[in-house]
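Reading through the structure tokens given below for one structure.
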Amino acid sequence: MNNNIDHTDPAKDMNTTRGHGGETHQRADGDTKAMTTQQGVVISDNQNSLKASARGPTLLEDFVLREKINHFDHERIPERIVHARGSAAHGYFELTESLEEFTTAKILTETGKQTPLFTRFSTVAGNKGSKDTPRDVRGFAVKIYTEEGNWDIVGNNMPIFFIQDAMKFPDLIHAVKPEPDRGFPQAASAHDTFWDFISLSPETMHNVIWLMSDRALPRSFGMMEGFGIHSYRFINKDGKSTFVRFHWKPVLGVQSLIWDEAVKISGADPDYNRRDLFESINNGDYPEWEFGVQLFTEEEANEFPFDHLDATKLIPEEMVPVRIVGKMVLNRYPDNFFAETEQVAFCPSHLPPGIDFSNDPLLQGRLFSYLDTQLSRLGSPNFAQIPINAPKCPFANNQQDGHMQMHVPKTRVLYEPQSLDPTRPRESIKKGFESFHEQLDDGVKGRVRAESFADHYSQPRMFYLSQTPTEQAHIASAYAFELGKVDTAHVRTRMLGHLLNIDEDLAQRVAKVLGMELPEAAEPAAPIQDMATSEKLQTIGLTPKTLKSRLIGILVAEGSKHSEIKKFEEAAKAEGARVKIVAPSKEVVLDDDTRIQADERVAGGPSVMFDAVVSIIMPEQAKKLAKDSATLDWFNDAYAHCKAIAYCGATDEFILSKLPIEKDAFVTPLAELDTFIENAKSRLWEREPKVRDLA
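So the sequence shown is numbered by our numbering: it starts at 11 and just counts up by one.
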């Protein structure tokens, strides 16, 4: 028992100051070692990359940034350092509305054409062998094989990121990865080093509150949004620039798991999301997304109450609507997991002409980091020759040799200018990629963060206040769970100070569960704004009622009525659901002597695997199952996770009547088939406060 709780925050005595953007600087003093490069050069600023001006592009001469990112990129071999746990599929992109007014990119100007693509979904923190269902950000990366070259939209299922400058990416990942002195926890943020870094980095507050929301627990890959995160530029035929942010909106809507459900699924099926993607495609239930863009001018951006070059800020759809201009359909699973899913290499620097970068300092760093990582992981500068990475349009260059060179150039000329081979490729002004001729702000080159990046609380506050009461309870409970795993008292106290700036009620709910007193609110670096709430940020409030892509579990046993099973199976499939049979044994003989093979045994197919459950068993079997703990958990969990339950008379008499299950509107007899089918399309959230304590 630890009764010596010290809330003293040592960070206050670590010469801590703030920069122009509100970022935390900890300066060395006489008793502290100075941070240096690998060559021993003392580093003056470990928070900001070197820029042409406060809001200007990051400079290639920044050897501190390049060394730090370069070393980080090469920390693991051969597994990805982040996004190691991934699943992917082939599909196509189809443009439905031309954006010719804004860009010359053919993929966004020629409608009706299906262009092949490859999409990879991933968790961020865990290794390749970790589970599918941790509380984590999900990677959402799309490689479109356009006729003008590959276009990689490398994003996440959240529209913002934790940090504002690429200089901080190694620090963020080192903090969330297993602690180096003990090697755990795996694929989890609920530990001291993560929350120590977060609580000292106010810029992380927005992405963290998304991480504490239901968005961090997607029901399936086909039920999560994708975002390009950064502002990019479109360039039209006249050289005019328009800023753009990219969105993928799932046709099935955004749907999530409950935390308790996610924990139990990770034990029952660590491959839950991967298996769902595989089975959905094999069954012809192709995941589909609408592709949308937010378009705005430099003048409009200047009127935003935040800086759009700040990757920790989203642009509310009420402020700039998402314009749907295309769709993505995934219709083929990889033929070989390693050759395609593992070897695919995404780089945000892969763009066709007509699209360009912004000066977002996080994006600027990613343009270097991703290419450097591919060189390390795939062992060769020739990684683009691997089939999954190779463009499907003609390509030609003067590159030669290197590890794994698979091309055989039949020429004596691999340079230019040259006069020996007039057939060799040359630059093209007409078709070539051209960067926007931006007039940079007058400013001084230096390691500085723009003051317009300093507001770290207004958008997290907007996000929290935009949620439904159920979602707010989930967020508060997630903070309480995560901080409950933090043993360092002053880190918990520091986080409560940040939560007070987001919402006092949120801070009080978390503090109550932790048994802590509320501290002073953290001092904001910029005034906190009360922004208009955005309904588009909800999940539960916007979840469509549908059975498409959902999974129904039907519990059967010896002598179960075949006709009843068939009736529920047909009704569920007619609404687009998949059905799996669960039984005490692998093979079961039904009442008409039909022998069937169950998809899962009860012990291996818990109800957390399904979106709704049905029980069709005879009295003698019900009596036996009433003594089986796995069966009792099957019903208890379905009820606790707010799911629809359809039951037969024997189930009611021998099982449900013995359990703490109230016959509410989502617990119905078999005779009410239509009611069950309608209920199975959603969850009964009103039940949740009756089955678990929420913050």
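We put the beta carbon where it would ideally sit given N, CA and C, even for glycine.
Residue-chain proximity (residue i, chain B), Cβ-Cβ < 9 Å
i	result
Phe171	In the structure shown, chain B does not exist; there is a single protein chain.
9 Å Cβ cutoff met for residue i and residue j
i	j	result
Trp258	Glu235	yes
His466	Pro401	no
Asp674	Glu696	yes
Ala321	Leu372	yes
Cys658	Phe676	no
Met706	Leu127	Nothing about residue 706 can be read from this structure; the chain reaches only from 11 to 705.
Ser476	Gln548	yes
Thr34	Leu267	no
Arg284	Asp142	yes
Ser97	Phe237	no
Ile239	Phe473	no
Pro326	Ser544	yes
Val618	Asp647	yes
Gly336	Leu506	no
Ile575	Ala622	no
Arg65	Ala640	no
Thr125	Ile154	yes
Lys590	Glu610	yes
Asp684	Ala582	no
Gln410	Leu424	yes
Leu340	Glu298	yes
Leu516	Gln482	yes
Val354	Asn399	yes
Distance, residue j Cα to residue i Cα
i	j	result
Leu565	Met222	34 Å
Thr707	Asn511	Summary: the structure shown does not reach residue 707, with the chain confined to residues 11 through 705, and so no result is reported for it.
Leu552	Arg333	18 Å
Leu694	Ala654	8 Å
Asp248	Phe446	11 Å
Arg624	Asp286	According to the sequence provided, residue 624 is Val. The question's Arg does not apply to it. If I take the Cα positions, the gap works out to 20 Å.
Ile687	Pro537	50 Å
Pro362	Glu271	42 Å
Leu319	Ala151	21 Å
Glu630	Gln469	58 Å
Val701	Ala94	35 Å
Ala62	Asn246	26 Å
Thr214	Pro432	54 Å
Phe112	Asn369	19 Å
Leu262	Asp345	26 Å
Gln8	Ser692	Residue 8 is absent from the structure shown; the chain starts at 11 and stops at 705.
Val164	Gly149	8 Å
Leu509	Tyr489	10 Å
Phe172	Phe179	9 Å
Asp39	Val92	34 Å
Phe491	Ala200	8 Å
Ala278	Gly615	7 Å
Arg37	Glu120	54 Å
Glu158	Gly442	9 Å
Glu310	Met168	23 Å
Exposure of residue i, with buried meaning 16 or more beta-carbon neighbours within 10 Å
i	result
Gly136	buried
Glu350	buried
Leu450	exposed
Pro358	buried
Gln607	exposed
Leu324	buried
Leu118	buried
Pro228	buried
Val454	exposed
Pro479	exposed
Lys668	exposed
Asp224	buried
Thr421	exposed
Pro435	exposed
Thr661	buried
For residue j and residue i, believed in contact at Cβ under 8 Å, the rounded distance
i	j	result
Gln304	Arg255	4 Å
Leu635	Pro679	Rounded, the Cβ-Cβ distance is 18 Å, inconsistent with contact.
Phe356	Asp162	5 Å
Thr26	His500	At roughly 13 Å, the Cβ-Cβ gap does not stay under 8 Å, so Thr26 and His500 are not in contact.
Gly375	Asn392	Not quite, the Cβ-Cβ distance comes to about 24 Å (not below 8 Å), so this is no contact.
Val147	Asn160	Not a contact, Cβ separation roughly 24 Å.
Cβ-heavy atom distance, residue i to the ligand HEM, below 8 Å
i	result
Gly31	In the structure shown, the ligand HEM is absent, as is every other ligand, since no ligand is present at all.
Meets three-Cβ-pair contact criterion under 8 Å: the segment 75-82 and the segment 188-197:
no
Could you check whether the segment 573-586 touches the segment 553-563, counting it as contact only if at least three pairs of C-beta atoms, one from each stretch, sit closer than 8 Å?
yes
Mind the definition here: the segment 57-71 touches the segment 24-37 only if three or more C-beta pairs lie below 8 Å; say whether that holds.
yes
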